[in-house]
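What follows is a set of notes on a single structure, which appears directly below.
Here you go:
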């Protein structure tokens, strides 16, 4: 809509409009460039707290068949270059059994089912033709073959297609573990919702426009957002189809039709990690195989005798598994990692969450709980009681992200501003200001910051800003050694939460009267996408005195209702697990011998490519020149079965250094234990944590330096480390590192994909890649 | 009367604001004429061109911002992009267009731009442009390039914007990226791989031994390779084969570190070299003593490797 052509009914009406516009935060002179480079997103009359929160929809897994399906078909055809298959045909297709059967090597035998259409759409005029194409876009041959395939052969699978937004056809209604038949999900329960997600439309609010198929791209093309529920010891195969338009420009201004799927921090082999250059094309699929094993599988508890290392067997028992139970992980997500386009694609909807269940975190309360008897390993975090594992009645995934939309309501992204992109509307599970009914009992929330560039500071409080105490039990998806109470001496609210960080918290709604309304507030202010400017006092927010960043304020409402008759809260009380009391999952700290033998690498994120120009997006490794991403360059090559100490530095590298930008640094594959922040012990919420995102740079809970210890075990291959402000990442604040076998001298080549399949290019090492360099002065 | 004037002023303000904000929103899901300013620029040949209509519309392009009087690092941008140009093998000017726009338009007259292009031996299809300062600043803003700090031209944002106007795909990199990566982006990825050599076989079995690069090797690749060869003949600058032994080491160390000072002091060898290479001065690349030593070691090692290979 062009406002310049908008008429005013009367002069007075115009004057009012002008006053409003001139005082709006989007006025050019305003310090707030939010949404980045655009006008405020209209709300179309949608009132806050007028729609109910949608819960994540489970993908649902199925046993992998042993024989090839007879009569199964390929991905349905497309009618035009600018659209995907029809919703109905996609649902029919996704319902059928996986076909062909997955294999150790990429399936490059068949043609892309859209081969002919690609020829028509891409090669205009027909100067060339597509000679070869592939069914699977996974790089061929040995380098991206599934490692240890026989040992970790997938026993279950799920399949989905990345596709344009459409109405939900109820495809996965029968795939929900609760089956809409138990606990809060059965008729009369809080979350029954008619027993279906059918007709859920892709929009932020019922009053807002439905998203165009090319504005939003998601798993299945539908909402609610999707969730993988997996168990340790049960190897999962995910066949991801690319059903996006063949035409690169059919994207409503942003988003890339070639994709690669990164499982954010599973202990998974490289070929299934979603390497940025291992992307695949429309019509193709990629088989990701996630073994779901505990780190330390090869060296610790190899006889599977430790009762803590186990997985629910589905029948009220526990199967013991190999590995180090202290590496148990719980809350993950997976999302696009396409080189140059990650921010756009994740923002557009290519993101799902994953809950991983284990003997200690099995999603079942009141059953052989650790709080009842220390011999029991089940921590009994809030969840539910009906199922043997994976109850979600009181265990809720919340993906929070800022978005913006244009005047017609379609999702908007500014691809030219690369300092960082901010939206002006906060969404929870893709919804604008939803409410959620909660029982007067303990809940677990798995909170993901799914933004592009926005840092959060979240808290729970009443409408008048009275804070409600809660506990953090998991940091970056890993249950901590001890629960941490909030408010505490170091922070009143949740610590700053960078992009991709997950905080698992437990809130007891029993502490307020039934009928109370509580709110999740975001207090962190941004003026632009480079960094947060600081937390706003909650008193100013609730009083309406604060009018700067539109994403500061209440983003979600809880309405406390009474416990259902005959039910009780059987979850653990986190107060029993704080420092000095019982432990949840102890940290697998590095031993003195490991520390002494460790190799060191230093990574400096920030300005300067070793040149005098302004070039903020580089990483300097081990004191060398600042580089952007080159997928052929290996910056670090740790040897399998060793521990290394990695030193993350912001800007010019000194303690407390601050180049004026914030970078949430993500290291793939391994969890790290923070040894020091600015040379000092980390704050209490990191002291007991295994992390995979490390904030460096300005911010209330940040520091200029972070030192971490990492082990590299079980799998090899090509992984990454990068800034998870995905706008920074896209501009190549990204590096490649490889895990190698001891004595290995062959580098894994770098994949380079086209419509015809994947070729490889030669790889080279930085001089310091294998041996590292001495640690910075004063670092551990 | 006074009320009417205030009213009018408010309206003017509003219109001005709308002109920047609303069009900045990239309406109707695309980045086309409604987003890119159609400002008039002047080419090195003195020809007036419209930014959107003449330079962008329907094309795949690369755009960077330069100034010709820059004595140190900036010439490396141009030298690096010249490598990209070469790699694109005749496509620049046909289906890919390269633009370098001056951020110092008062000094960078068409004539100055032409002289600069001559120094870098730049062929057809790559256009250098100048124009009105405020127009160029608007272009920087729209392309997501940080504005220049007054008096600090040297620190300007040198990033390279590459895009395909019809399909609306745009990426930013730096001229210091591997020229092959930049050429692949421009020539393949941004155009939906329509031009990729897609009938070549899959060659996963062609992996090589790990090559660990030395510091000298990296510096050479990123700082020298765009203008020099070692044994491959003169490029924008002289062939460096044997130079590590033929020149006195002290002279060479200094020439690598501060060529601008030596030229100012009229060092005879430096002056003669510059004259021989179309008056393209060796740039100051902010290299330190260690860097210069590492480069000389690398040059010597390369000389030895080539001698051994014979």
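Residue numbers (the numbering used here), protein chains in the order written: chain Z, 437 to 1216; chain W, 5 to 314. Glycine is no exception: its CB is placed at the ideal position from the N, C-alpha and C atoms. These numbers were taken from a predicted model, which means no experiment stands behind them.
Counting along the chain, residue 891 (chain Z) sits inside no alpha helix (DSSP H), nor does DSSP assign it H or E at all.
One finds nothing in chain Z with a Cβ atom closer than 9 angstroms to the Cβ of residue 56 (chain W); even the nearest lies about 14 angstroms away. In the displayed model, residue 291 (chain W) falls within coil according to three-state DSSP, outside both helix and strand.
The beta carbons of residue 164 (chain W) and residue 146 (chain W) sit about 16 angstroms from each other, so the pair does not count as a contact at 8 angstroms.
At least 8 angstroms separates the beta-carbon of residue 496 (chain Z) from that of residue 679 (chain Z).
For residue 219 (chain W), the uninterrupted alpha helix (DSSP H) segment begins and ends at 219–223.
In this structure, the beta-carbon distance from residue 791 (chain Z) to residue 663 (chain Z) falls below 8 angstroms. Residue 1069 (chain Z) places its beta carbon 8 angstroms or farther from that of residue 987 (chain Z). Spatial neighbours of residue 518 (chain Z) in its own chain (CB-CB distance under 6 angstroms, excluding positions within 5 residues in sequence) are listed in chain order as 681, 683 and 686. Taking the beta carbon of residue 37 (chain W) as reference, no residue of chain Z falls within 8 angstroms; the closest one sits roughly 13 angstroms away. The three-state secondary structure of residue 813 (chain Z), taken from DSSP, is coil.
For a Cβ distance threshold of 8 angstroms, residue set 181, 182 and 185 of chain W lies close to residue 1066 (chain Z), ordered along the chain. In the DSSP annotation of this structure, residue 485 (chain Z) is not part of any alpha helix (DSSP H), being labelled neither H nor E. From the beta-carbon of residue 230 (chain W), no residue of chain Z is found nearer than 7 angstroms; the closest lies around 13 angstroms away. Using a CB distance cut-off of 8 angstroms, residue 1128 (chain Z) does not count as an interface residue toward chain W.
Residue 684 (chain Z) has a beta carbon lying within less than 8 angstroms of a beta carbon in chain W. DSSP places residue 477 (chain Z) outside both helix and strand once states are collapsed to three, so it counts as coil.
Taking the Cα of residue 1144 (chain Z) as reference, the smallest distance to any Cα among Z:1154, Z:1152, Z:1113 and Z:1162 is reached at Z:1113. Sequence-ordered contacts of the stretch 782–796 of chain Z with chain W are nonexistent [C-beta pairs closer than 7 angstroms]. Rounded to whole angstroms, the gap between the alpha carbons of residue 1103 (chain Z) and residue 234 (chain W) is 38 angstroms. The C-beta distance from residue 978 (chain Z) to residue 784 (chain Z) rounds to 33 angstroms, too long to meet the 8 angstroms contact threshold. Residues of chain Z whose Cβ lies closer than 8 angstroms to the Cβ of residue 133 (chain W) do not exist; the shortest such Cβ separation is about 19 angstroms. Judged by their CB atoms, residue 795 (chain Z) and residue 738 (chain Z) are not nearer to each other than the 8 angstroms cut-off. For the pair residue 715 (chain Z) and residue 1131 (chain Z), the Cα-to-Cα distance works out to about 27 angstroms. Here residue 794 (chain Z) carries a coil assignment [DSSP, helix/strand/coil]. In terms of beta-carbon proximity, residue 853 (chain Z) lines the interface with chain W, with at least one pair separated by less than 8 angstroms. The stretch 640–650 of chain Z makes contact with the stretch 479–493 of chain Z; the number of CB pairs closer than 8 angstroms reaches 3 or more. Under a criterion of Cβ atoms nearer than 7 angstroms, the residues of chain Z adjacent to residue 34 (chain W) are, in order, 689. The C-beta distance from residue 866 (chain Z) to residue 661 (chain Z) rounds to 6 angstroms, short enough to meet the 8 angstroms contact threshold. For residue 1174 (chain Z), the enclosing beta strand (DSSP E) has its first and last residue at 1170–1175. Contact between the stretch 498–517 of chain Z and the stretch 991–1005 of chain Z is absent: fewer than three C-beta pairs spanning the two stretches fall below 8 angstroms. With fewer than 16 other CB atoms across the displayed protein chains lying within 10 angstroms of its CB, residue 947 (chain Z) is exposed. For residue 1020 (chain Z), there is no enclosing beta strand (DSSP E), as DSSP marks it with neither H nor E. Contacts between residue 170 (chain W) and chain Z, judged by CB atoms closer than 7 angstroms, involve 685 in chain order. Neighbours of residue 556 (chain Z) across chain W, judged by C-beta separation under 9 angstroms, do not exist; the nearest C-beta is about 12 angstroms away. Under the 8 angstroms criterion on CB atoms, residue 559 (chain Z) is classed as interfacial with respect to chain W.
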